[in-house]
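A.B. asks: One structure is given below, represented as structure tokens, and several questions about it will come after.
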């Protein structure tokens with residue numbers, strides 16, 4: 001099949017925070033009529049993370065937030081009231097980063113849960129496919145494989 005078929009899938013769930021590939025800390029603080037939000041990431045040295053998107057829910061606001069500082073890029077989705085912080089690649093050269101933005105006064109709980117998406121070319125178990133055997137005998141077929149770690153549900157609550 002030219003499109004390929006996923007034959008081996010593996011899933012990992014853990015409450016062990018030392019295994020987290022990307023940790024996120026978020027500190028909203030109200031001052032006067034505004035809320036200042038500092039958010040930081042720190043990546044594990046185990047993986048190069050690609051296409052990282054950190055989605056921070058915002059209170060219902062008319063105008064985009066004022067972003068004072070960002071490592072990467074940002075986009076405000078007014079329809080969903082979400083600030084998307086995007087980093088194309090997190091590796092050893094930028095294993096930590098931050099963003100600071102300001103919105104009108106809001107309850108600090110309005111900025112949670114934060115959704116995180118990313119991919120990586122390596123996995124926790126570093127599994128490799130070395131051969132494929134036909135079910136009905138005969139020579140082994142040609143095959144190709146790609147290993148990829150993908151987030152399914154990664155939240156900061």
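Numbering (full-length UniProt numbering), first residue to last: 1 to 157. Where is the CB? At the ideal position from N, CA and C, for every residue including glycine.
Check the C-beta distance from residue 95 over to residue 42 and give it rounded, since I have them as a contact under 8 Å.
C.D. replies: As a working note, residue 95 is residue 95 in the chain shown. As a working note, residue 42 is residue 42 in the chain shown. About 7 Å; that satisfies the 8 Å criterion.
A.B. asks: Roughly how many angstroms lie between the CA atoms of residue 65 and residue 21, to the nearest whole one?
C.D. replies: Taking the chain shown and counting its residues from 1, the one referred to as residue 65 is at position 65. Taking the chain shown and counting its residues from 1, the one referred to as residue 21 is at position 21. Rounded to whole angstroms, residue 65 to residue 21 spans 28 Å at the Cα level.
A.B. asks: Between residue 113 and residue 156, which are expected to be in contact by the criterion C-beta below 8 Å, what is the C-beta distance as a whole number of angstroms?
C.D. replies: Translated into positions along the chain shown, residue 113 becomes position 113. Translated into positions along the chain shown, residue 156 becomes position 156. 6 Å between Cβ atoms; contact.
A.B. asks: Reducing DSSP to helix, strand and coil, say where residue 144 ends up.
C.D. replies: In the chain shown, the residue the question calls residue 144 occupies position 144. Three-state DSSP puts residue 144 in coil, outside helix and strand.
A.B. asks: Span of the beta strand (DSSP E) holding residue 99?
C.D. replies: Locating residue 99 in the chain shown gives position 99, where the first residue counts as 1. Residue 99 -> beta strand (DSSP E) spans 96 to 104.
A.B. asks: Output the distance between the C-alpha atoms of residue 9 and residue 152, rounded to the nearest integer angstrom.
C.D. replies: By one-based count along the chain shown, residue 9 stands at place 9. By one-based count along the chain shown, residue 152 stands at place 152. Whole-angstrom Cα-Cα distance: 13 Å.
A.B. asks: Could you tell me the alpha carbon to alpha carbon distance between residue 83 and residue 106, rounded to whole angstroms?
C.D. replies: As a first step, residue 83 is located in the chain shown; it is residue number 83 there, counting from the start. As a first step, residue 106 is located in the chain shown; it is residue number 106 there, counting from the start. Taking the straight line from one Cα to the other gives about 15 Å.
A.B. asks: Could you tell me how far apart the beta carbons of residue 117 and residue 147 are, in whole angstroms, since I believe they sit closer than 8 Å?
C.D. replies: Working through the chain shown from its first residue, we reach residue 117 at position 117. Working through the chain shown from its first residue, we reach residue 147 at position 147. Actually they do not touch by this definition, with Cβ atoms about 18 Å apart.
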